[in-house]
Amino acid sequence: MADPYDLIVIGSGPGGYVCAIRAAQLGLKTAIVEKRATHGGTCLNVGCIPSKALLHASELFEEAGHGFSSMGIKVSPELDLKRMLAFKDEGVKGNTDGVAFLLKKNKIDTFHGTGRILKAGQVEVTAASGELQVLDTRSIVIATGSDVARLPGIEIDEQQIVSSTGALSFASVPERLLVVGAGVIGLELGSVWRRLGSSVTVVEYLDRILPGMDGEVAKSLERIYSKQGIAFRLGTKVVGIGRGDGGLDVTLEPAQGGAQDHIAADAVLVAIGRVPFTDGLGLDDVGVVRDKRKRVVVNGQFETNVTGIYAIGDVIAGPMLAHKAEDEGVAVAEILAGQAGHVNHDVIPSVIYTTPEVASVGKTEEELKTAGVAYRVGKFPFTANGRAKVNKTTDGFVKILADAATDRILGVHIIGANASELIAEAAVIMEFGGSAEDLARTCHAHPTLSEAVKEAALSVDKRAIHM
-9 MADPYDLIVI GSGPGGYVCA IRAAQLGLKT AIVEKRATHG GTCLNVGCIP
41 SKALLHASEL FEEAGHGFSS MGIKVSPELD LKRMLAFKDE GVKGNTDGVA
91 FLLKKNKIDT FHGTGRILKA GQVEVTAASG ELQVLDTRSI VIATGSDVAR
141 LPGIEIDEQQ IVSSTGALSF ASVPERLLVV GAGVIGLELG SVWRRLGSSV
191 TVVEYLDRIL PGMDGEVAKS LERIYSKQGI AFRLGTKVVG IGRGDGGLDV
241 TLEPAQGGAQ DHIAADAVLV AIGRVPFTDG LGLDDVGVVR DKRKRVVVNG
291 QFETNVTGIY AIGDVIAGPM LAHKAEDEGV AVAEILAGQA GHVNHDVIPS
341 VIYTTPEVAS VGKTEEELKT AGVAYRVGKF PFTANGRAKV NKTTDGFVKI
391 LADAATDRIL GVHIIGANAS ELIAEAAVIM EFGGSAEDLA RTCHAHPTLS
441 EAVKEAALSV DKRAIHM
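Heads up, the sequence shown is in the numbering used here, so the first residue is -9 and it goes up one at a time.
Listed below in structure tokens is the structure:
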């Protein structure tokens, strides 16, 4: 009988493969179990990576058609959707191949098949062929990620009625695309197909887009997206979808009840969120506790109620973000190696990769008000930033929330070009407990978009220079 592993990770998404690599770096004998033929989980295969490829390509397509002429560049772009999708697939392959290389480089054993926990210290792997293998280990990390949430009574066929997976691979541009859900996924993919020629309508049950995001940011984004051509039906629910020769007939109803109406669509994207992927792992049989939302319950060390079984990422509480899973994976590996692994869940940035981008870290104004925290606000618009002016990317602003008594930065919210990169500066200073004054006193290169972050910090004390 082979010596047991120190660690078996179930799932090779961002949380799982990062956990395995860090464990191997620390000298633990590590294996990873993955049900897909390729590593990388939802993120690399059908999530973060392919969607960013299409966002990038569609942005350039629209820029070529509508923005280049103002810069003296005359072109007439023509969409080759088949080639654009191939561009996306090439990016996916490059990333998944990269993960496979890293696992091999770090001498991590990989098993392709469905993992099931038989008991603490034992994982059964069922290959696609049906062949069974039982692996022994000292510790198990559940990193199986999440799956798309579904609307009751509406069947997703990934052709006309699609999840985010199907929306990455439409064979042709839908003339009329209806998106159910005004969250991150719906807005990102809706914006892709809007740029490529779809008439896009977003239906949202709540009376606002982007629930959980800072309210002022959400309202500003709704105005920007509407100006770009996305139509919104807020406070509305989808109660049925009929199929016919002319496409899809979507029945809508006010969220609080009332008269129904109909909207025609050629495709419907169901993007109402994601749910933890925890079924089929044998958790109930081994006694691992899950909450009402089927998330695995863990303690501060990411350990479940069953000794030796841990969980990270989308299967536990917290935002379903790849980088959150990565940090938790590193923390668990370090804890298993006797180190002090830790994740500061108060400083996890989130990003929406639309045009303009949106990024935030820390608290929203609504959260601070609810908690009774006195705070000051510093804002600076990109219309007053030199680099944004010359690049004609002036939509949006930077908003900094600082403690009224200590000046410590509590939250940063950015709408604008490259917001996904700009937010890192905010996360770093918050990780070190920095103040708005610290940020305001830090020299920023000119001309850069990052100067808007500094000006927003100055604005907390009402001394922005370029306003």
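All C-beta atoms in this analysis are idealised placements derived from N, C-alpha and C, irrespective of residue type, glycine included.
What you are looking at is a predicted structure, and each value in this text was computed from that prediction instead of being measured.
Taking a C-beta distance under 8 Å as the contact criterion, I199 and A221 do not qualify as a contact pair. Secondary structure note for G55: its alpha helix (DSSP H) is the uninterrupted segment 38 to 56. Cβ-Cβ distances below 8 Å link G57 to K382 in the same chain, with the five nearest sequence neighbours on each side left out; the list follows chain order. A Cβ-Cβ distance of about 15 Å is found for the pair L167 and D239, leaving them out of contact under the 8 Å criterion. Remark: C-beta atoms of A407 and A378 approach each other more closely than 8 Å. Boundaries around S129 are those of the beta strand (DSSP E), 122 to 132, since no alpha helix (DSSP H) includes it. The beta-carbon distance between A435 and R264, rounded to whole angstroms, is 38 Å. This is too long to meet the 8 Å contact definition. S425 sits close to D397, with the two beta carbons spaced by under 8 Å. The straight-line gap separating the alpha-carbon atoms of V152 and I146 is approximately 5 Å. The secondary-structure analysis by DSSP pairs V192 across a beta bridge with V169, F222. K227 has E243 as its beta-bridge partners, per DSSP.
The closest CA to that of C38, considering only S154, L69, A90, is found on S154.
Contact check for A208 against C9 fails: the beta carbons are separated by 8 Å or more. With respect to the 8 Å criterion, V23 and I0 are classified as neighbours on the basis of their beta carbons. Rounded to the nearest whole angstrom, the C-alpha separation of R431 and T100 is 49 Å. When DSSP reads this structure, A349 sits in a beta bridge with V341, I404. Residue H102 holds the alpha-carbon nearest to the alpha-carbon of V124 among I144, H102, D204. Taking a 10 Å sphere around the C-beta of N85, we find 16 or more other C-beta atoms and assign the residue as buried.
Taking 8 Å as the cut-off, the Cβ atoms of I262 and L358 do not count as close. E355 is not bridged by DSSP to any residue. A distance below 8 Å separates the beta carbons of L429 and I399. Put simply, of S210, E165, V260 the residue whose alpha carbon is nearest the alpha carbon of V229 is V260.
Per DSSP, reduced to three states, the secondary structure at L391 is strand. Under the rule that a run must span 4 or more residues, the alpha helix (DSSP H) segments found entirely inside the stretch 239 to 299 read 273 to 276. The DSSP-derived three-state label of L69 is coil.
Just so you know, the alpha carbons of G225 and L242 end up roughly 10 Å apart.
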